[in-house]
């Protein structure tokens with residue numbers, strides 16, 4: 003276990019080494035947040051409502067997406083395709099290091115860094131913008147909120163690993179991943195709450211794993227999901243965790259059969 007803790011620590015140090023890359027990532031995140039924030043501030047006046055959302059609830063939702071994105075979407079599994087294409091995967095196959103635990107540890111270091119900066123950034127923006135904000139005080143909903151984020155982290159980890167496994171069959175890993183990153187903000191509810199969409203579209207989204215990345219945890223935090231619906235959501239999340247885990251296992255085995263360690 004100590005070696006994986008060391009991996010997480012080294013990931014933190016690595017991110018501090020490449021400061022410009024990290025700073026540009028955080029700048030992009032802040033600008034993306036401000037764009038969506040001021041859009042909804044203009045669209046939704048103080049006393050207006052859209053569906054179940056007042057201005058305070060909507061802006062809390064937007065603030066929440068920025069924080070949860072730093073927890074869920076920050077990942078080092080983006081390096082998996084490169085590790086495969088360069089033949090570095092052989093290091094994991096020959097040494098007593100679990101490939102998946104290694105990247106879980108790297109994710110932990112990456113997330114710790116991003117969460118720290120996200121909290122700092124949002125605190126500064128909150129003090130400057132002074133937006134209306136909904137504070138959840140029900141401890142049960144806060145607990146449900148934390149559990150939902152945990153499920154989101156696991157699901158996104160598996161999805162991102164699967165995107166990296168494209169490297170077994172193609173050197174073009176960044177294209178599919180880039181397209182996925184563009185689409186994920188929409189499908190996960192990063193731009194607006196999904197329940198303002200038509201009901202038929204919303205019902206389809208509700209069956210997808212992306213629904214549980216951002217939208218579902220934030221709806222729990224806002225207290226707009228009944229306890230029975232929360233439990234159903236956890237059941238669906240568990241189903242997707244199982245499906246994604248089995249898919250990762252299957253693709254991993256098939257990928258190893260075609261892996262040629264090119265570059266080594």
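In our numbering, the protein residues as written are 3 to 266.
We put the beta carbon where it would ideally sit given N, CA and C, even for glycine.
Would residue i be called buried (16 or more neighbouring beta carbons within 10 Å of its own) or exposed?
i, result
"residue 230", "exposed"
"residue 221", "buried"
"residue 175", "buried"
"residue 35", "buried"
"residue 262", "exposed"
"residue 252", "exposed"
"residue 38", "buried"
"residue 130", "exposed"
"residue 45", "exposed"
"residue 245", "exposed"
"residue 48", "exposed"
"residue 106", "buried"
"residue 255", "exposed"
"residue 86", "buried"
Going by DSSP, which residues form a beta bridge with residue i?
i, result
"residue 52", "55"
Taking Cβ to Cβ, would you say residue i is nearer than 7 Å to residue j?
i, j, result
"residue 354", "residue 78", "The structure shown has nothing for residue 354, since the chain only spans 3 to 266."
"residue 1", "residue 216", "There is no way to answer for residue 1, as the model of the chain reaches only from 3 to 266."
"residue 150", "residue 219", "yes"
"residue 112", "residue 76", "yes"
"residue 138", "residue 223", "yes"
"residue 58", "residue 134", "yes"
"residue 153", "residue 92", "no"
"residue 204", "residue 196", "yes"
"residue 115", "residue 242", "no"
"residue 21", "residue 119", "no"
"residue 146", "residue 232", "yes"
Apart from the five residues on each side of it in sequence, which residues of its chain come closer than 8 Å, Cβ to Cβ, to residue i?
i, result
"residue 198", "52, 53 and 55"
"residue 260", "170 and 171"
"residue 128", "65 and 135"
"residue 142", "229"
"residue 11", "111"
"residue 144", "138 and 223"
Starting from the C-beta of residue i, find all residues in its chain whose C-beta is less than 7 Å away, skip the five residues before and the five after it, and write them out in chain order.
i, result
"residue 250", "160, 163 and 164"
"residue 155", "73 and 74"
"residue 42", "60, 61 and 64"
"residue 178", "165 and 168"
"residue 140", "225"
"residue 187", "193"
"residue 32", "123"
Starting from residue i, follow the alpha helix (DSSP H) in both directions and report where the run begins and ends.
i, result
"residue 188", "176 to 189"
"residue 81", "Taken as a continuous stretch (DSSP letters only), residue 81 belongs to no alpha helix (DSSP H), as it is neither H nor E."
"residue 108", "101 to 131"
"residue 240", "229 to 260"
"residue 208", "201 to 208"
"residue 34", "21 to 45"
"residue 90", "No alpha helix (DSSP H) holds residue 90; DSSP gives it neither H nor E."
"residue 166", "141 to 166"
"residue 222", "217 to 223"
Please work out which residues of its chain come closer than 6 Å, Cβ to Cβ, to residue i, disregarding the five sequence neighbours upstream and downstream, and give them in chain order.
i, result
"residue 189", "212"
"residue 13", "108, 111 and 112"
"residue 227", "221"
"residue 191", "216 and 217"
"residue 81", "none"
"residue 207", "196 and 213"
"residue 101", "94"
"residue 235", "218"
Within the present structure, is the beta-carbon of residue i separated from the nearest heavy atom of the ligand GTP by less than 6 Å?
i, result
"residue 29", "As far as ligands go, the structure on display features none, and thus does not contain the ligand GTP."
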